[in-house]
């Protein structure tokens, strides 16, 4: 049974179940990374055999395997994946940015170049889960950014990858795919091996080993984020349908026993009805056991005094997913400051965004929406600034720079300017 | 004496002196952070007394102290700081971004909101260095982003802060200033204490303790970067003036014994002349000892076969600062893919950008320009995406989402859509 609290009874920090999880895989991961760095493909083959039961001469998925996957998958599903990809593309196209240049002062040109990364690595989990949506969500922004080469890695149990994953990779535009999973895949992407090229950024979810490996290679390469358990906060008022709110909470709860689904409402009627609906719906789910643990241990219903207070609570919590299940949702949009992805109105369940609508589903968890953003085209570009001055332009400001440098006690900085002023036009 | 290599003789990884520095301050820093988290202001006062010799009842700089600083500093210097701030503002204004909305499909509204951080923390080092330029460079982008409150901390030896730092803070628009330095300042900003408010992002350079503290609080708050030693790569051809190239290299070398200054040229004439000029100029510098160590141990001259090859080398190295000391520098701009800040032509020494021109001087070091950017307005905003569908719009695509969810084995995801389809207009 889900727990109910009045807002005054509970501290903001206790509303979501956000524990600072400790994992003890750091040493094991460090060992795997060092092994891959030193022994390259030989180490990768050893791990593929040990963890995935796959004896692989060639680690890369062949063009034939990729073509065969397109034949093996239901064309109706392929069409749905293509429509989802088109929606994701349309949304992320709007995130593209352009260079700028400033030429307002005589003899001065300043600007900023937007440059795509050379190479991105997409990690896709294997095992029981099969998430083609993640392939689309992680690859398409990189593609739109103009990344030159996109490398995907995923574990291949017995040497086989789920064909739906390969189809999603094809649709999204992945350049090369490798049959490698776990920390060893992260190591291969970070350091490069004989067959796997080194990348500049690694994105994608994974188990504790993958997350720890991303943490350890961070700095050498860029990473997207270390995601915590998934979360949803639903703002619902007295007009809400309890069956629907409960269904939305369970779509979060079925992910993981650590996932949190929180309803904040000013309606005791809705609170009680959702509580009852959860009890009714949980046993009907294939993943009932997971959902039960999430609802009982990590989820809550919070009674606010007003919907205005409910929005304040949402901002304090900065949830990964925020559903505004209210009839006039745009009235609340300006007040929402901290949330990864916002679902507005009664006809936009989170699942719409997980798969289909277009905005990214790789989102900041654990309150990091205070300062982090959904995965976007920005994650796959970087900027360089540039400065050009003519001799005359430098002469006009040179003495000021010398004075500034002296104030900071850096005479050689000043000298690099004054030597130019002294030499004048003779450079 | 600086070392010279032909490009064929040296590996790319050895051109800059980029060691993976190990510091053994992790335990000491963890202890300080835990202390600040637990004991708040009491711990901060203890550290201020121990490290800065300052017995402070009030940790915050008062309005009177800030006003007095404006009186104490030379008006000419204040005018220079204001002119630099105006240039920095003009450049960073161009980085501002706007929300977007997509309304092309019937009944569908998608969009992205740009939201400034609530609060940013700027760390400013104290001690012998006094860097008002860093105050301007770190604060102004936050201000332009629209950050609601900007908190600065800096150590105050004997309770006093250099008035030039306070003046720079005034000009840049810092809201509150605290007399706290070291790992304890980072802890105060990350966790908040009775008098220091918790921030969402911490930026600014610092010693090994500050860097390690930023690493340890990363995730709880955002940080700018962990900067490595500063670096410059200069592309120069046979038309270059050796005295000027050497002066530019020394402006980098005087920073730190670990700083690197590398010249890549196709001219043996320039290589030899710069080598001789370095020997002539080093003894003339107040910071000769530091510059000598940097030039002899960490700096190099690389002889390329052509300037085209020289640009390739620059891209491989991805330097923090790149000077293109060539007459037609814009001819090279499109070829440059990886560099933090690019200085074009013979009249744009790095010092121009360090202080005055407008682009930021907080830049990616150690090759991270492959995937990282100069500090910018982007560092002080985050994005939220939003999704609105009408009932009719959801009905049109609902079945596809259910099918997709089932493919991923997440039936509750599908159910959150199908329950809406079943209920139709009754929500």
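Residue numbers (the numbering used here), protein chains in the order written: chain A, 137 to 563; chain B, 137 to 563. Glycine included, every Cβ here is placed at the ideal spot set by N, Cα and C.
Throw me the rounded Cβ distance for the residue 280 of chain A and residue 473 of chain B pair, which I believe falls under 8 Å.
As a working mapping, residue 280 of chain A is identified with position 144 in the first chain. As a working mapping, residue 473 of chain B is identified with position 337 in the second chain. With a contact defined as Cβ atoms closer than 8 Å, residue 280 of chain A and residue 473 of chain B miss out at about 18 Å.
Taking 7 Å as the cut-off, decide whether the C-beta atoms of residue 291 of chain B and residue 317 of chain B are in contact.
For the purposes of this step, residue 291 of chain B is taken as residue 155 along the second chain, with counting starting at 1. For the purposes of this step, residue 317 of chain B is taken as residue 181 along the second chain, with counting starting at 1. A distance below 7 Å separates the beta carbons of residue 291 of chain B and residue 317 of chain B.
Three Cβ pairs or more, each shorter than 8 Å: is that satisfied between the stretch 370-388 of chain B and the stretch 397-414 of chain B?
They touch, by the three-pair rule.
Give the single residue among A:220, A:232, A:383, A:427 whose Cα lies nearest to the Cα of residue 395 of chain A.
In the first chain, residue 395 of chain A corresponds to position 259, counting from 1. The shortest Cα separation from residue 395 of chain A among A:220, A:232, A:383, A:427 belongs to A:427.
Residue 185 of chain B lies in the beta strand (DSSP E); which residues open and close that run?
Taking the first residue of the second chain as position 1, residue 185 of chain B is located at position 49. Note, residue 185 of chain B: premise wrong, no beta strand (DSSP E); alpha helix (DSSP H) at 177-188.
In angstroms with no decimal places, state the Cα-to-Cα distance between residue 478 of chain A and residue 520 of chain B.
The residue given as residue 478 of chain A occupies position 342 in the first chain. The residue given as residue 520 of chain B occupies position 384 in the second chain. C-alpha separation (whole angstroms): 7 Å.
Looking only at its chain, what residues have a beta carbon closer than 6 Å to the beta carbon of residue 471 of chain A, apart from the 5 residues adjacent to it on each side?
By one-based count along the first chain, residue 471 of chain A stands at place 335. The residues are 447.
To which residues of the same chain is residue 550 of chain A closer than 6 Å at the C-beta, ignoring the five residues directly before and after it?
The sequence position of residue 550 of chain A within the first chain is 414, counting from 1. 538, 541, 542, listed in sequence order.
Give me the residue from A:514, A:506, A:534, A:560 with the minimum Cα distance to residue 255 of chain B.
Taking the second chain and counting its residues from 1, one reaches residue 255 of chain B at position 119. Closest option to residue 255 of chain B, Cα to Cα, is A:506.
Strand pairing of residue 436 of chain B, partner residues [DSSP]:
Taking the second chain and counting its residues from 1, the one referred to as residue 436 of chain B is at position 300. Residue 436 of chain B is bridged to B:139, B:398.
Pairing CB atoms from the stretch 375-385 of chain B with CB atoms from the stretch 411-422 of chain B, are three or more of them under 8 Å?
These segments touch.
Can you find a C-beta in chain B that's less than 7 Å from the C-beta of residue 421 of chain A?
Indexing the first chain from 1 puts residue 421 of chain A at position 285. Yes, residue 421 of chain A counts as interfacial toward chain B.
For chain D, is any of its Cβ atoms less than 7 Å away from the one on residue 544 of chain A?
In the displayed structure, chain D is absent; the protein chains listed are A and B.
What in chain B is Cβ-close to residue 213 of chain A, meaning under 9 Å?
Reading the first chain from its first residue, position 77 is the one you call residue 213 of chain A. Close partners of residue 213 of chain A in chain B (Cβ separation under 9 Å): 539, 540, 543.
When you compare only the Cα positions, how much space is there between residue 151 of chain B and residue 204 of chain A?
The residue given as residue 151 of chain B occupies position 15 in the second chain. The residue given as residue 204 of chain A occupies position 68 in the first chain. Distance between the alpha carbons of residue 151 of chain B and residue 204 of chain A is about 46 Å.
Would you mind reading off the limits of the alpha helix (DSSP H) that contains residue 559 of chain B?
Here residue 559 of chain B is taken as the residue at index 423 of the second chain, counted from 1. That run of the alpha helix (DSSP H) goes 547-559.
Does the beta-carbon of residue 442 of chain A have 16 or more other beta-carbons within 10 angstroms, so that it is buried, or is it exposed?
For the purposes of this step, residue 442 of chain A is taken as residue 306 along the first chain, with counting starting at 1. It is exposed - the Cβ of residue 442 of chain A has fewer than 16 other Cβ atoms within 10 Å.
Does the pairing of the stretch 477-493 of chain B with the stretch 219-229 of chain B give three or more beta-carbon distances under 8 Å?
These segments touch.
Residue 250 of chain A CB to nearest chain B CB: under 7 Å?
As a position in the first chain, residue 250 of chain A is number 114, starting the count at 1. At a cut-off of 7 Å between beta carbons, residue 250 of chain A makes no contact with chain B.
Just reading off the beta strand (DSSP E) that residue 289 of chain A is part of, what are its end residues?
Here residue 289 of chain A refers to the residue found at position 153 when the first chain is read from its first residue. Run containing residue 289 of chain A: 285-289, per the beta strand (DSSP E) assignment.
Could you tell me which residues DSSP pairs with residue 457 of chain B in its beta bridges?
By 1-based counting over the second chain, the position of residue 457 of chain B is 321. Beta-bridge pairing links residue 457 of chain B to B:368, B:477.
Hey, which unbroken runs of the beta strand (DSSP E) at 3 residues or more fall wholly within the stretch 501-550 of chain B?
Whole beta strand (DSSP E) segments, 3+ residues: 517-525.
CB contact check: residue 384 of chain A to chain B, cutoff 7 Å
As a first step, residue 384 of chain A is located in the first chain; it is residue number 248 there, counting from the start. Yes, residue 384 of chain A lies at the interface with chain B (some Cβ there is under 7 Å from its Cβ).
Which of helix, strand or coil does DSSP assign to residue 246 of chain B?
Here the question's residue 246 of chain B lines up with position 110 in the second chain. In the three-state reduction of the DSSP assignment, residue 246 of chain B falls in the strand class.
Under a three-way DSSP split, which group does residue 297 of chain B fall into?
The residue you call residue 297 of chain B lines up with position 161 of the second chain. Three-state DSSP puts residue 297 of chain B in coil, outside helix and strand.
Segment contact flag, the stretch 526-536 of chain A with the stretch 508-516 of chain B, C-beta cutoff 8 Å, min 3 pairs
With a cut-off of 8 Å, the stretch 508-516 of chain B and the stretch 526-536 of chain A do not count as touching, because too few Cβ pairs lie within range.
Taking Cβ to Cβ, would you say residue 450 of chain B is nearer than 7 Å to residue 386 of chain B?
Taking the second chain and counting its residues from 1, the one referred to as residue 450 of chain B is at position 314. Taking the second chain and counting its residues from 1, the one referred to as residue 386 of chain B is at position 250. 7 Å or more divides the Cβ of residue 450 of chain B from the Cβ of residue 386 of chain B.
Rounded C-alpha distance that separates residue 560 of chain B from residue 243 of chain B:
Working through the second chain from its first residue, we reach residue 560 of chain B at position 424. Working through the second chain from its first residue, we reach residue 243 of chain B at position 107. Residue 560 of chain B and residue 243 of chain B: Cα-Cα distance of roughly 15 Å.
Assigned secondary structure, residue 196 of chain B (DSSP; H/G/I helix, E/B strand, else coil):
For the purposes of this step, residue 196 of chain B is taken as the residue at position 60 of the second chain. Here residue 196 of chain B sits in strand by DSSP.
How about residue 253 of chain A: is its C-beta nearer than 7 Å to some C-beta of chain B?
On the first chain, residue 253 of chain A is found 117 positions in, with the first residue counted as 1. Interface residue, yes.
Should residue 141 of chain B be flagged as near chain A, meaning a C-beta pair shorter than 7 Å?
Reading the second chain from its first residue, position 5 is the one you call residue 141 of chain B. No, its Cβ sits nowhere closer than 7 Å to a Cβ of chain A.
Can you check whether the C-beta of residue 526 of chain B is within less than 7 Å of a C-beta belonging to chain A?
As a working note, residue 526 of chain B is residue 390 in the second chain. So yes, residue 526 of chain B belongs to the interface.
Would a C-beta distance cut-off of 7 Å place residue 245 of chain A and residue 485 of chain B closer than the cut-off?
The count along the first chain starts at 1 and reaches residue 245 of chain A at position 109. The count along the second chain starts at 1 and reaches residue 485 of chain B at position 349. Result no, Cβ atoms of residue 245 of chain A and residue 485 of chain B do not sit closer than 7 Å.
Residue 557 of chain A: contacting residues in chain B (beta-carbon distance under 7 Å)
For the purposes of this step, residue 557 of chain A is taken as the residue at position 421 of the first chain. Result: empty, since nearest Cβ-Cβ is about 10 Å, beyond 7 Å.
Closer than 7 Å to chain B by CB, residue 483 of chain A:
Within the first chain, the letter at position 347 stands for residue 483 of chain A. Answer yes: the Cβ-Cβ gap between residue 483 of chain A and chain B drops below 7 Å somewhere.
I need the boundaries of the alpha helix (DSSP H) containing residue 345 of chain B, first residue and last residue.
Locating residue 345 of chain B in the second chain gives position 209, counting from the first residue. 344-353 is the extent of the alpha helix (DSSP H) around residue 345 of chain B.
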